[in-house]
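Comments concern the structure below.
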């Protein structure tokens, strides 16, 4: 009996270590994004190191990697300065089928007070999505991969620098110079993009979620929901445009995020942009991230909007639940709430990729990520051993 209990305890310990493994990886990723990452910074080392780290991680997961250099202009003390950026791309190519993109900006503005919040957290989550997708599905013989995933780290988001920066951001250059040729100048084989931009702020305090003046007019259902629940910053926003292609992307991630009964403390709230809507301050919710350039893509005389979903904590419209001391370390930043919030997003995204890009006949549709079911097993074993 003692030997049996001892063996069970060892197994239980192993499970607990597995459950916390993703938290350790998130913290490890975040350690590489604690500093300002900007082409005009006095010290550019953090910017260059972040780029190298992302590329190394992509390679370690087994992704085919490439980089896309581009030139753009930014404001440097009142003068336009031409700078060279580099988008990092990891490709998980499957059999001919839909192409999906998961992306995040990896640079920061010079004025960014929290390089981890915007957008180190988004990059860290993207890396975990890539790692889990490759290890759990792509390299798993039980799965038949029926499409391709592009994991992209965008550089130099000029839209977040200042009002004087006139150059186009890295996501714009990626769409026009890399993605469009990759798609053979056709929109029909691109299913869409999921953009992760500021995804770590979670606040259960009432009135922690700021709502722009025109929010109720443009998002009446979401406005009613947020107000009814005390204006809490307790959700991840899913921002999408009203179209059939966008609806499929939105519904798949929405179902995977909200249908997990073990994670009811988190929820995904849909903000659908209707055709003809006129925006005021609410425009700031979605106009400076990469998704905007997918929606407004125009490679020639005619616009060819591409499907894209923005996942965001709404940025400066949400008050933080706590202030990380400056300088903010990865360990101090990754509180239990932030870790759970980011992990939830990563898990839902991995399952979404599985739903869209894997042959459902080859695996159980109820499959969940390792971290989710291990937590349940731990509780069951604990009760059997000690109760």
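Numbering (mature numbering (1 follows the signal peptide of the UniProt record, and there is no 0)), first residue to last: -21 to -1, 1 to 366. Glycine is no exception: its CB is placed at the ideal position from the N, C-alpha and C atoms.
Hey, quick one: how far does the beta strand (DSSP E) through residue i stretch, first residue to last?
i, result
"residue 173", "169 to 175"
"residue 216", "215 to 220"
"residue 150", "Not the beta strand (DSSP E): residue 150 falls in the alpha helix (DSSP H), residues 149 to 152."
"residue 285", "No beta strand (DSSP E) holds residue 285; DSSP gives it neither H nor E."
"residue 385", "Residue 385 lies beyond the stretch modelled for the chain, which goes from -21 to 366, so this question has no answer here."
"residue 81", "78 to 84"
"residue 131", "127 to 133"
Check the DSSP bridge columns for residue i and list the partner residues they point to.
i, result
"residue 89", "DSSP output for residue 89 lists no bridge partner at all."
"residue 43", "70"
"residue 182", "212"
"residue 60", "53"
"residue 124", "337"
"residue 165", "Paired residues: none, contrary to the question."
"residue 188", "297"
"residue 48", "65"
Within its chain, find whatever has a CB closer than 6 Å to the CB of residue i; leave out the 5 residues flanking it on each side and keep chain order.
i, result
"residue 344", "Bear in mind that a pLDDT of 43 at residue 344, under 50, signals an unreliable position, so the number given afterwards is only what the model happens to contain. So no residue of the chain qualifies."
"residue 203", "none"
"residue 161", "none"
"residue 41", "113"
"residue 180", "292, 297 and 299"
"residue 416", "Residue 416 cannot be examined here, being either before or after the span of the chain that is shown, -21 to 366."
"residue 235", "327, 330 and 331"
"residue 397", "It is not possible to answer for residue 397, since the shown part of the chain is limited to -21 through 366."
"residue 99", "9 and 12"
"residue 347", "Unreliable positioning characterises residue 347 in this predicted model, as indicated by a pLDDT of 45, which lies under 50. The coordinate reading is nonetheless provided below. For residue 347, where only same-chain residues beyond five positions count, there are no Cβ hits under 6 Å."
"residue 272", "150, 151 and 154"
On a CA-only basis, which of the options is nearest residue i? Give me that one, please.
i, options, result
"residue 222", "71, 257 and 274", "274"
"residue 239", "309, 173, 324 and 279", "324"
"residue 145", "169, 60 and 64", "60"
"residue 288", "322, 218, 328 and 321", "218"
"residue 329", "128, 27, 5 and 57", "128"
"residue 317", "65, 245 and 90", "245"
"residue 153", "176, 257 and 269", "269"
"residue 46", "207, 266 and 130", "130"
"residue 282", "74, 164, 89 and 326", "164"
"residue 54", "215, 99 and 147", "147"
"residue 184", "211, 18 and 138", "211"
"residue 306", "91, 29, 44 and 75", "91"
"residue 50", "267, 225 and 149", "149"
"residue 216", "71, 156 and 320", "320"
"residue 370", "109, 285 and 177", "The structure shown does not extend to residue 370, since the chain spans only -21 to 366, so no value can be given for it."
"residue 20", "309, 233, 135 and 228", "135"
"residue 267", "151, 18 and 71", "151"
"residue 102", "71, 132, 74 and 126", "132"
"residue 189", "172, 36, 214 and 176", "214"
"residue 177", "105, 64 and 155", "105"
From which residue to which residue does the alpha helix (DSSP H) around residue i run?
i, result
"residue 38", "24 to 39"
"residue 331", "315 to 336"
"residue 310", "309 to 312"
"residue 273", "270 to 274"
"residue 101", "100 to 112"
Can you give me the Cβ contacts of residue i inside the same chain, cut-off strictly under 8 Å, excluding the 5 residues immediately before and after it?
i, result
"residue 231", "331, 334 and 335"
"residue 168", "77, 78 and 162"
"residue 252", "197, 218, 219, 220, 221 and 265"
"residue 304", "311"
"residue 237", "246 and 247"
Looking only at its own chain, which residues have a Cβ that is under 7 Å from the Cβ of residue i, when we skip the five neighbours before and after it?
i, result
"residue 342", "In this prediction, residue 342 has a pLDDT of 44, which is less than 50 and means its spatial position is unreliable; what the coordinates show is noted afterwards. If we look at residue 342 and ignore the five residues flanking it on each side, its Cβ neighbours are 121 and 122."
"residue 192", "259 and 260"
"residue 383", "Outside the shown range of the chain, which is -21 to 366, sits residue 383, and nothing can be said about it."
"residue 367", "Outside the shown range of the chain (-21 to 366) lies residue 367, about which nothing can therefore be said."
"residue 256", "197"
"residue 295", "none"
"residue 28", "11"
"residue 159", "278"
"residue 166", "283 and 285"
Using only the heavy atoms of the ligand GDP, determine whether one of them is closer than 7 Å to the beta carbon of residue i.
i, result
"residue 315", "By its list of ligands, the structure shown contains no ligand whatsoever, and the ligand GDP lies outside what it can speak to."
Using a Cβ-Cβ distance under 8 Å, would residue i count as near chain C?
i, result
"residue 277", "Although the question refers to chain C, the structure presented lacks it and comprises just one protein chain."
Which ranges would you report for the beta strand (DSSP E) in the region 196 to 266 if only whole runs of at least 3 residues count? 215 to 220 and 247 to 252
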